[in-house]
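Residue numbers (this note's numbering), protein chains in the order written: chain A, 1 to 260; chain B, 1001 to 1260.
We treat Cβ as the ideally placed atom computed from N, Cα and C, and that holds for glycine.
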DNA sequence: AATTTTGATTTGTGATCACAATAATGGTTT
DNA sequence: AAACCATTATTGTGATCACAAATCAAAATT
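Take a look at the structure:
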């Protein structure tokens, strides 16, 4: 099971484990290991650490749309008290990654045809602009990093590794946009990713079940080529196509009206 | 003083007042009276009430860019404990309305030429789309409501009432976009407003000091006309111009490079 | 067997206390 | 008078408890 949701018995086991490390700063064991102790992993507050862990988990599709998320459940998994979780979930809810239901319970939002359309439109506007700005600012080092991320991305496809397939796709775009020097817009873009990631994971899983995850053509390579040639109009079209292709697959899978 | 910031002695007075009503649900006295007891004012939780009050105050420009905001300060003003304030400020921070400084203090963000550009671009994309969608869905009742808001807006200009001048401008656009049926995008738009409102208020105040607040031509009337004629291309241009005009004034006032 | 009711559990929210880190203050020294 | 230091006050964060509302489960009723 990849869902960020543990059975009751398993949750109890983790609680026992967590109790022993209760005094430690924070011990986060969410089932995957990206414990590269970079400077970015230095968190001043627990809530920041919890937020980053949960954000990562969401972008990897570990949260199933419609599932409910509880403060104590997350707190037990992460071995911390309620407070850091409370503040993280409040933030994630404000960003649209989670949802407060009428019964004041917290849940992973479900997708609708209308919401998908809105997210698609906004992503197209913001991401094509961010890409264009990044193109004129990126250096050789950045292009090499993008190439490496894309290699790992293709590796994930070859291994039918859905989780990393989704995550590394985001990672490619995030790295690209990081060169845009657009602080406000990149935050908004990542907020949109948080909204669609659980849905994307669901679609990809269904796709993987009934066939194979495959990329018709390596869009990322074409993007890198356009950047290398400094062809901004082509780059914008490629970004728009990249987003549109993904949305079309999702719409077809759900039987929703297909864009354009 | 219109700033959402009280002197120490005044804050003490309020604390005394608040103590007497400590047991009451919540008593919010932020200096202005919009106590229309509509259903929208029925809040299930205190943090929701606090959030709505603070959001309103921000959109009215009661927060000065650069000023720091403290949990206990707000809690005393609103006569509630720290918890509802903590959660509200966390949410507002996530939405970009407030900022966590490196010294883990909370402050009203200051504007920069770059941030203004980003916000301007995003507003143009999202608001013109929302307006276009609203045009095909609005009814006679909606047009009447917009006309009334615009009348109050012009009244505020005539009275040199900067606070309501800013707020009613937002109110006009919010009412218009409410007919777009775009849930995700309208939330993002209001998030952008929260980011610029304190800055807009600062600019408008300077404008009011050295001259008069005046509208060169009533853009809102033209917008209503375009909607009445169902001319979507003209409507989109009018929205874009409306946003651009405001940004240009701000850029000129700050001596920043002017858009387009 | 289907529905209702009752009781126990789980949930988010609010309140309060403790604490480390930062800021502010006042006094001392150079 | 200006720079330095020590003390005090304030700040956000974390932990814990209490509680009402919602949920679930099982028993009682029809």
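DSSP-derived helix/strand/coil call for residue i
| i | result |
| --- | --- |
| residue 1068/B | strand |
| residue 1155/B | helix |
| residue 262/A | The first residue shown for chain A is 1 and the last is 260, placing residue 262/A beyond what the model contains. |
| residue 1102/B | coil |
| residue 1142/B | helix |
| residue 28/A | Low confidence applies here, because residue 28/A scores a pLDDT of 37, under 50, leaving its location unreliable and the question unanswered by this model. |
| residue 137/A | coil |
| residue 1256/B | coil |
| residue 1126/B | helix |
| residue 199/A | helix |
| residue 182/A | coil |
| residue 1167/B | helix |
| residue 112/A | coil |
| residue 349/A | The structure shown does not extend to residue 349/A, since chain A is modelled only from 1 through 260, so no value can be given for it. |
| residue 210/A | helix |
| residue 242/A | helix |
| residue 205/A | helix |
| residue 1038/B | Annotation note: pLDDT 36 at residue 1038/B (below 50); position unreliable, no value reported. |
| residue 1236/B | helix |
| residue 229/A | coil |
| residue 1073/B | helix |
| residue 43/A | coil |
| residue 1160/B | coil |
| residue 92/A | helix |
| residue 1079/B | coil |
| residue 1033/B | With a pLDDT of only 33 at residue 1033/B, under the threshold of 50, the placement of this residue in the model should not be trusted, and no figure is reported. |
Presumed contact (8 Å Cβ cut-off) between residue i and residue j, rounded CB distance
| i | j | result |
| --- | --- | --- |
| residue 1239/B | residue 1162/B | The Cβ separation is near 23 Å, so there is no contact. |
| residue 123/A | residue 243/A | 5 Å |
| residue 241/A | residue 219/A | 7 Å |
| residue 200/A | residue 126/A | With 8 Å as the limit, residue 200/A and residue 126/A do not qualify as a contact, their Cβ atoms being about 17 Å apart. |
| residue 180/A | residue 133/A | 4 Å |
| residue 51/A | residue 86/A | That belief does not hold up - the Cβ atoms of residue 51/A and residue 86/A are roughly 11 Å apart, past 8 Å. |
| residue 1116/B | residue 1107/B | With 8 Å as the limit, residue 1116/B and residue 1107/B do not qualify as a contact, their Cβ atoms being about 18 Å apart. |
| residue 1257/B | residue 1250/B | The pair is not a contact, with the Cβ atoms about 12 Å apart (cut-off 8 Å). |
| residue 176/A | residue 146/A | 6 Å |
| residue 1224/B | residue 1168/B | Not quite, the Cβ-Cβ distance comes to about 15 Å (not below 8 Å), so this is no contact. |
| residue 207/A | residue 135/A | About 31 Å; that fails the 8 Å criterion. |
| residue 232/A | residue 120/A | Their Cβ separation, rounded to whole angstroms, is 22 Å, which puts residue 232/A and residue 120/A out of contact at 8 Å. |
| residue 101/A | residue 89/A | Residue 101/A to residue 89/A, Cβ: 13 Å. No contact. |
| residue 62/A | residue 194/A | Not quite, the Cβ-Cβ distance comes to about 12 Å (not below 8 Å), so this is no contact. |
| residue 164/A | residue 156/A | 4 Å |
Residues that residue i contacts on chain B, provided the C-beta gap is smaller than 8 Å
| i | result |
| --- | --- |
| residue 183/A | 1114, 1115, 1118 |
Proximal chain A residues relative to residue i, where beta-carbon distance stays under 7 Å
| i | result |
| --- | --- |
| residue 1099/B | Within chain A, no residue comes near residue 1099/B; the closest Cβ sits about 11 Å away, beyond 7 Å. |
Strand pairing of residue i, partner residues [DSSP]
| i | result |
| --- | --- |
| residue 49/A | The partner list for residue 49/A (beta bridge, DSSP) is empty, contrary to what the question assumes. |
| residue 1107/B | 1068/B, 1099/B |
Contacts of residue i in chain B (Cβ-Cβ under 7 Å)
| i | result |
| --- | --- |
| residue 175/A | Going along chain B, no residue has its Cβ under 7 Å from residue 175/A, so there is no contact; the nearest lies around 19 Å. |
| residue 95/A | 1094 |
Distance cut-off 7 Å: residue i Cβ against heavy atoms of the ligand NAP
| i | result |
| --- | --- |
| residue 174/A | Here there are no bound small molecules, and the ligand NAP is not part of this structure. |
Where residue i meets chain A, residues with beta-carbon distance less than 8 Å
| i | result |
| --- | --- |
| residue 1044/B | 104 |
Proximal residues of chain B, C-beta to C-beta of residue i below 9 Å
| i | result |
| --- | --- |
| residue 215/A | In chain order: nothing, as chain B lies at least about 27 Å away. |
>> For the segment 1064 to 1093 of chain B, list every residue whose C-beta sits within 7 Å of some C-beta in chain A, in sequence order.
In response: 1087, 1090, 1091
>> Along the segment 103 to 121 of chain A, where does the CB come closer than 8 Å to a CB of chain B? Name the residues.
In response: 104, 114, 115, 118, 119, 121
> Looking at chain B, which residues of the segment 124 to 150 of chain A have a Cβ within less than 8 Å of any of its Cβ atoms?
Replying inline: 125, 126, 129
> Quick one, which residues of the segment 225 to 245 of chain A are near chain B if we go by CB-CB under 7 Å, in chain order?
Replying inline: none
> What residues in the segment 188 to 212 of chain A bring their beta carbon closer than 9 Å to a beta carbon of chain B?
Replying inline: 188, 191, 192, 195
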